[in-house]
Amino acid sequence: STKHTNDTSGSTGGTSASSASGSSSSSSSTAPKTYKQGGTLTISNEQGQTWPCAFNPFNASNNVEANGFIYEPLIYINTLQNAKETPMLASSYQWNTDKTAVTFTIRDGVKWSDGQPLTADDVAFTFNLMKQAPATDLYTLWSGAGLTEAKASGNQVTLTFKQNAQVYFYQFANLVTIVPQHIWSTGDAAAHPDTWANANPVGSGPYTVKCTPNNMEYKANPSYWQPGKPYVTTVEYPAYLDNQPANQDLASGKAQWGSQFITGIKSFYLNKSQDNHTWSPPVLNVALVPNLDPSHKATSQLGVRQALAYAIDKAKVSAIGEDGQQPPANQSGIVTPTFDKYNDAAAISAAGFDKPDLDKAKAALQTAGYSTSNPLNLTVISVQGYTDWDASLAVIKDELKGIGINLTESSLTMQTYDDKLYKGDYDLAYVGQPAGGPTPYYELREWLHSANTAPIGQSASAGNFERYQNKEVDTLLDSYATASADDQVAIIKKIEGYMIKDVPIIPVTESVDWFQYNTKDFGGWPTSDNPYAQPAAYNYPDNEQVLLNLFYKPAQ
Amino acid sequence: MRYLLRRLGFFLLTLWAALTLNFFLPHFMPGSPINSLRAATRGKVPDAQLKQILASYGFKPDANVFSQYWDYLGNMLSGNFGVSTGGSSLGTPVSKMIGQSLPWTLGLVGITTVLAFILGSLVGTIAAWRRGGVVDSVLPSVFVVTSALPYFVVGLFLILFFTIDNTWLPGSFNYDNTIVPGLSPGFIGSVLQHALLPAATLLITSIGGWVLTMRNNMITTLAEDYIRMGRAKGLSDRKVMVNYAARNAFLPNLSGFAMSIGFVLTGAILVERIFNYPGLGYQLYNAVNSIDYPMMQALFLLFTIAVLGAILVCDLLTVWLDPRTRAKG
Amino acid sequence: MTTLLSQPAEAPAAPIRGKKRGGGVWRSFLSNRKANFGFVLFFVLLVMALFPSLFTDVDDPTAPARFMPRLPPSGDHWLGTTSLGQDVWALFVYGAREPLIIAVVAGGLATIISVFVGVSAAYLGGVADDVISFITNVVLVIPTFPLVIVLSAYSGKPTLTVMVSVLVVTGWSYGANQLRAQALSLRNRDFLESARVRGERRSYIIVFEMLPTMISLIIANFLGAALFSVLNAAGLQFLGLGDPNSDSWGTMLYWADSQSALENGAEWWAIAPALGIAALGVAFALMNYAFDEISNPALRPVRRQRGKQLAARLRPSVPAQAGPADALGGE
Amino acid sequence: MLETTTDPNALLEVRNLWVEYNTPTGSVPAVAGVDLTLAKGEFLGVVGESGCGKSTMLFGIAQLLNPPASVTAGEVWFKGQNLVALSAKSLNHLRWRDFSVVMQSAMNALNPVHTIGHQFKDAIKAHAKWSETEIRVRSAEVLELVGIDPVHLKSYPHQLSGGMRQRAMIAMALLFTPDLIVMDEPTSALDVVAQRSLMAQIKELQKQLGFAVIFVTHDMSLVSHFSDRLMVMYAGQVVELGTTRAVFDAPAHPYSKGLLDAFPSIRGEKKRLTGIPGAPPNLGRPPTGCRFHPRCPVAMDRCIVDEPELYQVGAVQARCLLHEPAAQKVEIES
Amino acid sequence: MNEPTGSELLRTVDLTRHFKIGGGFSRHNLHAVDEVNLTINRREIVALVGESGSGKSTIARLLAQVYKPTSGEIRFEGKSLGALRGRKQQLAYRGEVPMVFQDPFASLNPAYRVDHGIMRGLKLHRTELSPAERRAEAARVVEAVGLNPAAEILQRYPYELSGGQRQRIGFAQALAYRPKLILADEPVSMLDVSIRIGLLNVMADLRESEGVSFLYITHDIASARYVCDRVMVMYGGHIVEAGPTEDVLQEPKHPYTQLLLSAVPDPRAPLTVDVDTVKAEPPKVVNPPAGCRFRDRCPLAEPICHEVTPKLTELAPGHETACHVAQRAAAGVAG
Ligand SMILES: Nc1ncnc2c1ncn2[C@@H]1O[C@H](COP(=O)(O)OP(=O)(O)OP(=O)(O)O)[C@@H](O)[C@H]1O
Ligand SMILES: Nc1ncnc2c1ncn2[C@@H]1O[C@H](COP(=O)(O)OP(=O)(O)OP(=O)(O)O)[C@@H](O)[C@H]1O
Ligand SMILES: [Mg+2]
Ligand SMILES: [Mg+2]
């Protein structure tokens, strides 16, 4: 698939109005360029459901439809550009020295779409609401991150924490979106802020919305605080129930912004028009997860895990199972090219994990007492309905046969699968780590920190499903929060060493942010050269950045 | 009247049984809605928080099953279906979601089913009446074949032919998204256009059964003496066919029709899925996939009521059309 | 309550007059065009399911990447290849086995339950009948397919056994109701009373006197249940509620659907299994309808013969070919 | 063959009527060359064993055959028109006004979903433009004629007893006072007492209204007191035809004789009866020669080969070679 | 078979059978058979005649133990059937009192060859026979009812036989057990006259050759006269008249019997005057009030007929009638 270049330092994005359009390649840090408004953009992102027409940013299941379009965060943090920050509702912020309190200065002149001004009180209100109604505290700031106080004074808001809260900055600055106090402090909204539907949302974002179950129509917010923006006047967001029609509309050009997997993307989409492009940056790992608990005889042996890691041809899995659209992963656990800076490629190749090696695999398996003549039978659980996983596992199964491992896939309903995965009732599991963050730290912590695991039979829902326990890794991870930026890179690299040495999991492919775009009428798309935001429409608040950059070519 | 009372009794008992089944079936399913919610939030929200959220929406998996059951019965009877706990529709009132889909399913499936029944009965009547004609000699075979075709096979081929090989007709959705819903001719035209393929699928697969049963009933009825009597009286052919033969042959079909509503729902699920038609079938599919108990329960209830209601209506019709049932105990 | 849902017209009330008992059923079956066609179709699919290797060289059709993906049909790959690099024809051939197993096993088990439930309800009568037929009617009324979906989701792991069990659990009620109606109509038939008066035991009467006379309805039921199973199983698999690693037509369709085969130049991936399922369904439906015709001779096709009438007018008043009188023994 | 010219007194003339069932195994001639003349106001009884083609003949005459049966030869002249050749439309014209039909089982012959009155109305409306009142008056009138309370016009068939239904059928047949009523075993479903009473009623009405009746039954004794003439059928053919008395007193055909001998009497002397041995032939393959020869106690060799015609024997006609004019007369032992 | 002709074989004492009809809210009692006392002697054919629905079949089924009596008892050879204990005794009774069913088309199992019923019966009731003997015995009884060649007939399916032949198979089946009494429920009603007489002859012959008694149920009084020693007339669940055939037919004492006889057409008898139209109201047997059940149709009905149910009384030797008017007339003559 595509070769990614990564030039993190040189690129700009965000509010400084990128000049990058899909066709123009160079990025520059020259003066912001502005565009005329106009055009109707259609998003094609399979939802599987008609729109509920609810725009409660605290409703975790559908706030994608509100966040970014209507509600905005304080600061935008770009995962793809080494956590590059763009001030949004907060024009600036200041940590105290031990990083237990942060003060945001709220931007002047921001208006809610009903004309009321946005103030520091609104911001403080939003955070305090989360304390008051714990169900709205989606990122467990009060219960988990140690937030103790959110206070406004003048145009400033100070969040005070029990301890160093630097690692939570991504959540409270970037993921939390701010709601208007004058709306949320009265009526149904105040009574049930967590379940209130909020059918006619009042926000500060670039768009306002009109919703029918079949379609959401976002109209440019005339009183948006960034003058002249957004450039695209109308955004249509139809409810696609299934991939097929969503893909079809992309292929036909009816929709210009795609955010889902397209099989055979080349013939189906790219070849249909030279204006059709795709760039799906990887963000997380999909891994074969062995059960490390000693009760699982085979998979708790290093030899078996190494054999698996050596034998699997990740490139082939990527090519066949994922149609070449999810790149092969690294044994280091670092998603490349997104986090290239952290990746210790030398260590990987030194250990021989850079390419499949059947001989090494056989040798490793031998150490565990298995061989082609005494094959090892293993069952891998996966999720019913994930056909790409089924296909990937079929490839893996085929490869493992050659070294003496008979793999059986057990495709379970999501519920059964999760149940088994969390409770440790499996030998091997094919797992996509769900959560991440702007640096590899977030994902690696989930996979590896012993705080995230639980004994067999108890739920290890926090991400360490394989039950990896290593004090040194824990210490390293714990030290990350307070370390300096450079030290952080070093810490991550040390952790990679354990990934390679202990093979706690075997990353196979990298899950991506699905993105297809059409450059005929619209420019300003994020590209590999200018990755100013994660490009999928379902990613907030990144979607706002994209929306703020897009422009309608015929209007220019 | 006693007959009707007994039917009503049956109706209520079955309703209760279905309600109970509705309650227990999903509750014995493994897993919880939290998983689908996690997927919907793309892992950005911790599990503990997800649980908290679910609880705030009234989902209490740990409460006593029987007290839940009573609550449930009360809620169902008062039409309080609760809010969805499904992936991307968490917190949306179930009644609202059903309200959005119901008209589409009713319109598509309801109308087609009735249409198939009426058309099928008509064709069956004529085929049997013209016994031995060319039509009658090929009809049974043709309709045996169509009645055995799976919905998705027909749907697939229609899609292949009408939307992929040629882009003559839309193969998904209930109307063109760019049109604002309303009573405008454009919107209605779009709705009809979008309904065409799924309706054809349902029609093709379900009409055969009615043709065959009606034909068979007609043949049996035509052998009755009162048909000969009708002819002997010098009544016009049409009158004998309609008033004497079809009217009688139709009666046993009515109860069959009621029973078939259940199968029609099968069609609805598959067809709505194939054609991306946002109706109840699709909702059920989603609800099952995301372990959305409230939604599942409400849909189940709705389906059962639909079948029972159809049975009741057909009973009433039968009583109205057939004086003999009125006398029956 | 008991007779509420019994199908008044459909249950053939009489064990049928005319040539159709024992060997008769088989003979009539053989002389029925629809039955023949259905049976041949079924037989071909059966052979394919039993000996797939006769039809294709590929021995592990589901293994990915054996061939180039998305090849068009050719001499090497009659129906082309899938986007995972599998041979569609091989998948199709091997995919016949599971639907057939489902049809026969699920259809068979459901029929056995139908017979058991239906006949015992009819024979026991009274409260037992009321209870049994109430349960039957509830199962009958509750929309099957949604139930099937929920049940198979409930089971967690979509193995063949699970699929078959689910289909059996939901598939028996219709037949039970029909058989009950038939058994009820038989219950007071003179030949059963005759056996009772003869001094036979209840169990003997049910098994050896009653069941044999219901044989054509039981067969028809089996065919119906098999058809139901095939269609529903395929539907389930198509929705992704089957085992995606199994090779079965329904699963093929599911894969084809999820890989956009129709749009991606691998049409046969979808068309072949669709045709296969349709063929299997049609085979059962044809045989089933043929059984209707056999048990109700009135339904058999008739042809109007206008030409013959003229011939008859010219014929001498006694048919020429008349032989000696049919010697009916004994009188 | 009876070469008939149209008899001015005849109401109905059937000439060489053939009716065949077209079955997969070949054609079954259930009525094989029936000739029959019926005068106005005459009561003709038709008797014969089950399956000998009585009903088929009736329906052949009334043009009510259902496939696979059809008239394959012959003519049915009724009031100067050949019913066989008549178009469906003109046939419908004659129906019910000029001839009506009463069928075997009234339960099945009345449409179960309509009231008696409704069915009367159907019949009337098909042939006349009467006002609602006229229809009601006439319907009530005919019902009273057969001894049923006119309130039953509002009844459905299942609400009447068997006897009442039969009488309602007869009432319906009388709506237009036709010239001919064709009856196919109208009493067979009733018990003896009801049968007797209904027969008496039919006879009474016939006398009163003067219509002709063709009355089909398999029970010879039933018609013995009521019919003017009797026609005995065997295997699709008329084997004996004559006045009832003549046939009963001196049956000319061995089959008629056998039938009569099969009836025990409740009054006369008690003697051992024999019945007719064997079973009726399969009409698809009727015996050669005389169709009765396999069962005939007095069969001769030539009966196997030669086909008898209807010969005049005194007051009756009989299809038996014993009565062939040219042949030597042999007395039948009784 | 060596018991003297005429000695009592079976007797019923106040045999009563009611059916519950209607369900749920309305329960009614249908009095199908009410307090019937009848006797059947050895080597005797007894006719049971009466109009449709009068309870004839119900009596036969009660005797065959298909139904249980609501009250009253049946004594066979002096022993009450209620006293039969165990399957063995039950079987023995069933072997001695078999039943021949009305409808020849329905009483043979269409799934089996016709020997099935006979062989099963032999196996159950004549356990001493070896299989070969059973076959021989089956052939014997089939020939006894006049079916030849037996071996071939036995191998046919019911549909391959004519109605008359089937009916005889029914008889043969009953005969095979060496019964003492055959309950024949309208065994000839479906048959053509020409076949009917043959079967009646078979019955008469069996009485002569094997000494079997019959309860012959029929509508057809003429055929009853033809073979029967005694006649019982039923009306509305009651036996209204019983006596030697000729007595009853020559001198019917009950008005229903008279009506019945006058309705029987007889080609040989001279034409009688037409019967007046009888309002054929069926008797009330559902929750019937006391009184004579024929009273509404009876030309002679008196007030007492509406209040007191007449009992069967012997009015002439062996000739019993249940009619107030007839009883009074007889009493008047006597007194
Ligand atoms: N549909 C049919 N196909 C073939 N043969 C038939 C059909 N219907 C009747 N027959 C034959 O036609 C012959 C005459 O039948 P028909 O009904 O006229 O007899 P019937 O004299 O009226 O007898 P019954 O007294 O029993 O009413 C019978 O031998 C019968 O076998
Ligand atoms: N199983 C039953 N359940 C309810 N009622 C019954 C049952 N069997 C008979 N009856 C009723 O009992 C009465 C007598 O019936 P039965 O069959 O004995 O009459 P029958 O004299 O044999 O009449 P037929 O001459 O018509 O055979 C009838 O009114 C009948 O409806
Ligand atoms: Mg007839
Ligand atoms: Mg009876």
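Chains as they are written, first to last, in the numbering used here: chain A, 1 to 556; chain B, 557 to 885; chain C, 886 to 1216; chain D, 1217 to 1550; chain E, 1551 to 1885. All C-beta atoms, glycine included, are put in the ideal place defined by N, C-alpha and C. Fair warning: this is a prediction, and the values are worked out from it, not measured in the lab.
Around the Cβ of residue i, are there at least 16 other Cβ atoms within 10 angstroms (buried) or fewer (exposed)?
| i | result |
| --- | --- |
| Met216 (chain A) | buried |
| His1578 (chain E) | exposed |
| Trp572 (chain B) | exposed |
| Ser295 (chain A) | exposed |
| Val1004 (chain C) | buried |
| His1874 (chain E) | buried |
| Phe580 (chain B) | exposed |
| Arg1843 (chain E) | buried |
Report back the beta-carbon spacing between residue i and residue j to the nearest angstrom; my notes put them in contact at under 8 Å.
| i | j | result |
| --- | --- | --- |
| Ala460 (chain A) | Gly424 (chain A) | 7 Å |
| Thr527 (chain A) | Gln1144 (chain C) | At roughly 28 Å, the Cβ-Cβ gap does not stay under 8 Å, so Thr527 (chain A) and Gln1144 (chain C) are not in contact. |
| Gly68 (chain A) | Ala555 (chain A) | 23 Å between Cβ atoms; not a contact. |
| Asp1755 (chain E) | Glu1265 (chain D) | Not really, about 23 Å apart at Cβ, beyond 8 Å. |
| Tyr538 (chain A) | Val64 (chain A) | 5 Å |
So with CB distances below 8 Å, who are the chain H contacts of residue i?
| i | result |
| --- | --- |
| Asp781 (chain B) | The structure shown contains no chain H; its protein chains are A, B, C, D and E. |
Query raised in the report: Using a beta-carbon distance cut-off of less than 7 Å, what residues from the segment 838-861 of chain B approach chain A?
Result: Within the segment 838-861 of chain B, the residues whose Cβ lies closer than 7 Å to some Cβ of chain A are Tyr838, Asn842 and Ile847, listed in chain order.
Query - Contact set between the segment 1117-1138 of chain C and chain A, restricted to residues whose Cβ is under 7 Å from the partner - result: For the segment 1117-1138 of chain C, the beta-carbon criterion of a distance under 7 Å to any beta-carbon of chain A is satisfied by Gly1125, Asp1128, Pro1129 and Asn1130.
Query - Those runs of the alpha helix (DSSP H) which lie wholly inside the segment 1086-1146 of chain C and span at least 4 residues - result: With a minimum length of 4 residues, the unbroken runs of alpha helix (DSSP H) contained wholly in the segment 1086-1146 of chain C fall at 1100-1123 and 1134-1143.
Query raised in the report: Counting Cβ pairs, one atom from each stretch, are 3 or more of them under 8 Å apart for the segment 144-162 of chain A and the segment 120-136 of chain A?
Result: Output reads yes: the segment 120-136 of chain A touches the segment 144-162 of chain A.
Query - Those runs of the beta strand (DSSP E) which lie wholly inside the segment 1712-1749 of chain E and span at least 3 residues - result: Runs found: 1731-1735.
Query - Every unbroken alpha helix (DSSP H) inside the segment 967-1022 of chain C [4 residues or more] - result: Every alpha helix (DSSP H) of 4 residues or more that sits fully in the segment 967-1022 of chain C is shown, in chain order, as 973-979, 982-986 and 992-1009.
Requested in this report: Jot down the residue ranges of each uninterrupted alpha helix (DSSP H) in the segment 262-307 of chain A, minimum 4 residues, whole runs only, in chain order.
Outcome: Scanning the segment 262-307 of chain A from its first residue to its last, the whole alpha helix (DSSP H) runs of 4-plus residues come out as 265-268.
Query raised in the report: What residues in the segment 1136-1155 of chain C have a beta carbon less than 7 Å from any beta carbon of chain A?
Result: Correct list: Trp1140, Ser1143, Gln1144, Ser1145, Glu1148, Asn1149 and Gly1150.
Query - contact_flag[the segment 1138-1145 of chain C, the segment 952-971 of chain C] where n(CB pairs < 8 Å) is 3 or more - result: A contact exists between the segment 1138-1145 of chain C and the segment 952-971 of chain C.
Query raised in the report: In chain order, which alpha helix (DSSP H) runs of at least 4 residues are fully inside the segment 1409-1486 of chain D?
Result: Within the segment 1409-1486 of chain D, the complete alpha helix (DSSP H) segments of 4 residues or longer fall at 1436-1440, 1460-1465 and 1470-1477, listed in chain order.
Query - Chain-ordered residues of the segment 1314-1329 of chain D with a beta carbon less than 8 Å from chain B - result: Listed in sequence order: Ser1316, Val1317, Met1319, Gln1320, Ser1321, Asn1324, Ala1325, Leu1326, Asn1327, Pro1328 and Val1329.
Query raised in the report: Which runs of the alpha helix (DSSP H) fall wholly inside the segment 97-147 of chain A and span at least 4 residues, in chain order?
Result: Fully enclosed alpha helix (DSSP H) runs of no fewer than 4 residues occupy 120-132 of the segment 97-147 of chain A, in order along the chain.
Query raised in the report: Going along the segment 1647-1660 of chain E in order, which residues come within less than 8 Å of chain C, judged by CB to CB distance?
Result: Those residues of the segment 1647-1660 of chain E that come within reach of chain C (Cβ to Cβ, closer than 8 Å) are Pro1648, Met1649, Phe1651, Gln1652, Asp1653, Phe1655, Ala1656, Ser1657, Leu1658, Asn1659 and Pro1660.
Query raised in the report: When you check each C-beta in the segment 1235-1249 of chain D against every C-beta of chain B, which residues fall closer than 9 Å?
Result: Going along the segment 1235-1249 of chain D in chain order, one finds no residue with a Cβ nearer than 9 Å to chain B.
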